[in-house]
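Residue numbers (this note's numbering), protein chains in the order written: chain G, 60 to 174; chain U, 230 to 340.
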């Protein structure tokens with residue numbers, strides 16, 4: 060399909076494990092965002108890429124969180140030494156450009172459960 | 230900082246009832262305002278938007294008017310259907326790249 064694809068759909072990790080979450084944005088989309096959505100809450104911004112450049116990582120909650128987009132398309136969000144508070148749905152979104160006139164297209168998310 | 234406050238759900242309505250979901254915001258500058266919808270098992274989708282005061286966004290029978298004087302962007306629909314059952318998120322954008330979302334309001338429409 061032509062939408063934003065995220066994998067895996069579900070991930071269960073034991074506390075202390077490292078995880079990697081993948082996002083395939085819509086082809087040609089310059090901007091890519093990661094959001095974290097806790098249960099019953101709205102998505103909260105984590106980080107933003109324009110092509111391969113990470114222009115804003117102010118939302119990453121700790122230095123255990125790391126994101127990359129090395130070739131300006133696929134992005135990976137990595138969480139090291141997972142903690143229970145990391146349990147959430149991680150959403151990826153892409154847009155053609157990075158302004159309000161360019162709508163965000165969201166993936167279905169990866170639900171991470173840390174036990 | 231920027232924030233969005235939505236009415237708590239769930240909102241339960243019968244089919245063909247009138248819907249209002251309240252949304253108020255706090256922002257520096259002049260934000261653009263959005264409603265996103267998340268149907269069961271699907272990703273967030275843009276429902277409608279308004280980019281300046283007094284603008285009305287509309288889509289699929291839903292409407293919302295950007296009210297600067299009351300800092301509100303309430304979502305309305307005249308006659309809801311079972312297929313409108315979803316979680317609705319109000320959001321704002323101030324030009325600093327990221328959207329700020331409300332906590333979402335679950336709508337349940339019963340036949």
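Backbone N, C-alpha and C define an ideal beta-carbon position, used for all residues, glycine too. Since we're looking at a predicted model, the values are computed, not measured.
- Query: Tell me which same chain residues have a C-beta within less than 8 Å of the C-beta of residue 292 of chain U, skipping the five on either side of it?
  - Reply: Stepping through the second chain from its first residue, residue 292 of chain U is reached at position 63. Within the same chain, residue 292 of chain U has close Cβ partners 277, 285, 286, 304, 305, 306.
- Residues that residue 230 of chain U contacts on chain G, provided the C-beta gap is smaller than 7 Å: Numbered from 1 along the second chain, position 1 holds the residue referred to as residue 230 of chain U. By Cβ distance, chain G contributes nothing, its closest Cβ being about 12 Å from residue 230 of chain U, past 7 Å.
- Since residue 152 of chain G contacts residue 163 of chain G with CB under 8 Å, what's their CB separation in whole angstroms? Position 93 of the first chain holds residue 152 of chain G. Position 104 of the first chain holds residue 163 of chain G. Contact holds; Cβ gap of about 4 Å.
- residue 148 of chain G - DSSP class collapsed to helix/strand/coil: Along the first chain, read from residue 1 onward, the residue named residue 148 of chain G stands at position 89. In the structure shown, residue 148 of chain G sits in a strand (DSSP, three-state: E or B).
- Message: Looking at the strands, I want to know which residues DSSP matches up with residue 344 of chain U.
- Response: Any question about residue 344 of chain U goes unanswered here, given that chain U covers just 230 to 340.
- Is residue 91 of chain G near residue 128 of chain G, with beta carbons less than 8 Å apart? Position 32 of the first chain, counting from 1, holds the residue named residue 91 of chain G. Position 69 of the first chain, counting from 1, holds the residue named residue 128 of chain G. Yes, they are a contact pair.
- Task: Flag this pair as touching only if the region 101-114 of chain G and the region 76-92 of chain G have three or more C-beta atom pairs under 8 Å; answer yes or no.
- Result: yes
- Under a CB-based cut-off of 8 Å, is residue 327 of chain U close to chain G? Translated into the one-based positions of the second chain, residue 327 of chain U becomes position 98. For residue 327 of chain U, the answer is yes, since a Cβ of chain G falls inside 8 Å of its Cβ.
- Message: Any beta carbon from chain G within less than 8 Å of residue 307 of chain U's own beta carbon?
- Response: Counting from one through the second chain, the residue named residue 307 of chain U turns up at place 78. Judged by the 8 Å Cβ criterion, residue 307 of chain U is not in contact with chain G.
- Name the chain U residues that come within less than 7 Å of residue 131 of chain G, Cβ to Cβ? Sequence index remark: in the first chain, residue 131 of chain G carries index 72 (1-based). Neighbours of residue 131 of chain G on chain U: none; closest Cβ ~16 Å, over 7 Å.
- Message: I want to verify the contact list: residues of chain G whose CB lies under 8 Å from the CB of residue 332 of chain U, in sequence order.
- Response: Here the question's residue 332 of chain U lines up with position 103 in the second chain. Result: 99, 100, 101.
- Close beta carbons around residue 111 of chain G, own chain, < 7 Å, minus the five adjacent residues each side: Here residue 111 of chain G refers to the residue found at position 52 of the first chain. Excluding residues within five positions, the ones whose Cβ falls inside 7 Å are 128, 129, 130, 131.
- Task: Just tell me which of U:310, U:234, U:299, U:253 has its CA closest to the CA of residue 290 of chain U.
- Result: What you label residue 290 of chain U is simply residue 61 of the second chain in a count that begins at 1. When each option's Cα is compared against that of residue 290 of chain U, the closest is U:310.
- Where residue 235 of chain U falls: helix, strand or coil (DSSP): Along the second chain, read from residue 1 onward, the residue named residue 235 of chain U stands at position 6. Residue 235 of chain U: strand per DSSP, three-state reduction.
- Quick one: does residue 167 of chain G have its CB under 8 Å from some CB of chain U? To locate residue 167 of chain G, count along the first chain from 1; it is residue 108. Answer yes: the Cβ-Cβ gap between residue 167 of chain G and chain U drops below 8 Å somewhere.
- Message: Comparing C-alpha positions only, which one of U:252, U:271, U:300, U:313 sits nearest to residue 200 of chain U?
- Response: Only positions 230 to 340 of chain U appear in the structure, and residue 200 of chain U is not among them; the question remains open.
- Query: Between G:81, G:75, G:62, G:140, which lies nearest to residue 170 of chain G when the distance is taken from Cα to Cα?
  - Reply: In the first chain, counting from the first residue as 1, residue 170 of chain G sits at position 111. Per the Cα distances, G:81.
- Item | Own chain partners of residue 246 of chain U with C-beta closer than 7 Å, once the 5 adjacent residues on each side are dropped | For this step, residue 246 of chain U is matched to residue 17 along the second chain. Answer for residue 246 of chain U: 309, listed in chain order.
- Endpoints, the beta strand (DSSP E) within which residue 316 of chain U is located: The residue you call residue 316 of chain U lines up with position 87 of the second chain. First-last of the beta strand (DSSP E) with residue 316 of chain U: 315-322.
- Exposed or buried, residue 87 of chain G, counting other C-beta atoms within 10 Å across all chains shown (16 or more means buried)? Position 28 of the first chain, counted from the first residue, corresponds to residue 87 of chain G. The residue in question, residue 87 of chain G, is exposed, as its Cβ has fewer than 16 Cβ neighbours within 10 Å.
- Would residue 261 of chain U be called buried (16 or more neighbouring beta carbons within 10 Å of its own) or exposed? Sequence index remark: in the second chain, residue 261 of chain U carries index 32 (1-based). Label assigned to residue 261 of chain U: buried.
- Taking 8 Å as the cut-off, decide whether the C-beta atoms of residue 329 of chain U and residue 233 of chain U are in contact. Counting from 1 along the second chain, the entry for residue 329 of chain U is found at position 100. Counting from 1 along the second chain, the entry for residue 233 of chain U is found at position 4. A contact, by the Cβ cut-off of 8 Å.
- Message: Taking the beta strand (DSSP E) that residue 57 of chain G belongs to, which residues open and close that run?
- Response: The question about residue 57 of chain G has no answer, for chain G in this structure spans 60 to 174.
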